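Engineer: The numbering of the sequence shown is the numbering used here, which starts it at 50 and goes up by one.
Each residue gets a CB set at the ideal place from its N, CA and C atoms; glycine is no exception.
Computed from a predicted model, the values in this text were never measured in an experiment.
Handing you a structure now.
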Amino acid sequence: MNQQTINMIEGKLYATLDEHRFLHSRSVAFTAATLAMRWYKGEMDRVMIAGYMHDCAKCKSIPEMLSAAEEWDIFNITEFHIQNPQLLHAMVGPAIAQAEYGIFDREIHDAISTHTTGAPKMSIMQKIIYVADFIEPVRDTVIKHIENYREAAFTDIDKAVYMIAQSTVDHITSKGVPIDPVTVATRDYYKKLIEERDGISL
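Laid out in structure tokens, this is it:
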């Protein structure tokens, strides 16, 4: 494991994020590591780095994120993303990871960029970070029936992705606010995948 890189990332995140966000990021990293033992055949430290880095832009202001987007030619940011910083930080995260932390790994960048909305046809690292962000221990008091998501995470990660995407759609819809279409596309893709794979109707 590249412990020197992880120590560097931990130190910079601790200085950059608020306490809750730092503890969440560290928890995601270790949850991702446990999921990687089950699902991922790559290097464990890369998964942990993705977990640590997924919220690296979270505590930046909107002007700071938009400045990074302009500097790194991220052109697909819309007014919808600006009004929803929880989406914006994921889109800008890979640029921050590269510019401020020296993380050039494209697979890690992809995992950062999809950790909020998911995406159809995600890589296994993307799935792990998407799921770990939802099930990590700091979430215990805010997600109902979290044990069901955790069980699926270790038995059928595609089902876990579907369950989390469906939960996200339900939650945002119940609030009566617009939802990112990528989240809906993620839900629909993994719903169809499971239905066709298992011969069931969800």
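Measuring CB to CB, does D94 end up less than 8 Å from I55?
Structural biologist: Going by C-beta atoms, D94 is nearer than 8 Å to I55.
Engineer: In whole angstroms, what separates the C-alpha of H164 from that of V226?
Structural biologist: Their Cα atoms are separated by approximately 20 Å.
Engineer: Within the chosen definition, does the segment 138-157 reach the segment 179-192 through at least 3 CB pairs nearer than 8 Å?
Structural biologist: Touching, no, given that fewer than three Cβ pairs across the two stretches are closer than 8 Å.
Engineer: Would you give the residue range spanned by the alpha helix (DSSP H) that I177 belongs to?
Structural biologist: Run containing I177: I173 to I184, per the alpha helix (DSSP H) assignment.
Engineer: In this structure, how does DSSP classify P227 when only helix, strand and coil are distinguished?
Structural biologist: Residue state, collapsed to three classes: coil.
Engineer: Report the rounded CA-to-CA distance for A144 versus I157, giving the unit in angstroms.
Structural biologist: Approximately 11 Å, taken between the alpha carbons.
Engineer: Output yes or no for whether 8 Å exceeds the beta carbon distance between Y239 and Y211.
Structural biologist: Cβ distance < 8 Å, so Y239 and Y211 count as in contact.
Engineer: Mark V191 as exposed unless 16 or more other C-beta atoms lie within 10 angstroms of its C-beta, in which case mark it buried.
Structural biologist: Per the 10 Å Cβ criterion, exposed.
Engineer: For D122, tell me which candidate among T80, L136 and V141 has the shortest Cα-Cα distance.
Structural biologist: Answer by Cα proximity: V141.
Engineer: So G100 is in the alpha helix (DSSP H); what residue range does that whole segment cover?
Structural biologist: Per DSSP, G100 belongs to the alpha helix (DSSP H) from M93 to M102.
Engineer: Given a cut-off of 8 Å, decide if V231 and T166 are closer than it, judged by their beta-carbon atoms.
Structural biologist: Contact: yes.
Engineer: According to DSSP, is A81 helix, strand or coil?
Structural biologist: Helix at A81.
Engineer: Taking the straight line between their C-alpha atoms, what separation do you get for I139 and L115?
Structural biologist: The question names Ile, but residue 139 in the sequence shown is Ala. Roughly 12 Å between the two C-alpha positions.
Engineer: So, for M97: in the same chain, excluding its five sequence neighbours on each side, which residues have a beta-carbon less than 7 Å away from its beta-carbon?
Structural biologist: Closer than 7 Å at the Cβ level, and outside the excluded window around M97, lie I55, A78, A81 and A82.
Engineer: May I have the straight-line CA-CA distance separating A64 from A146, to the nearest angstrom?
Structural biologist: Answer to the nearest angstrom: the Cα atoms are 15 Å apart.
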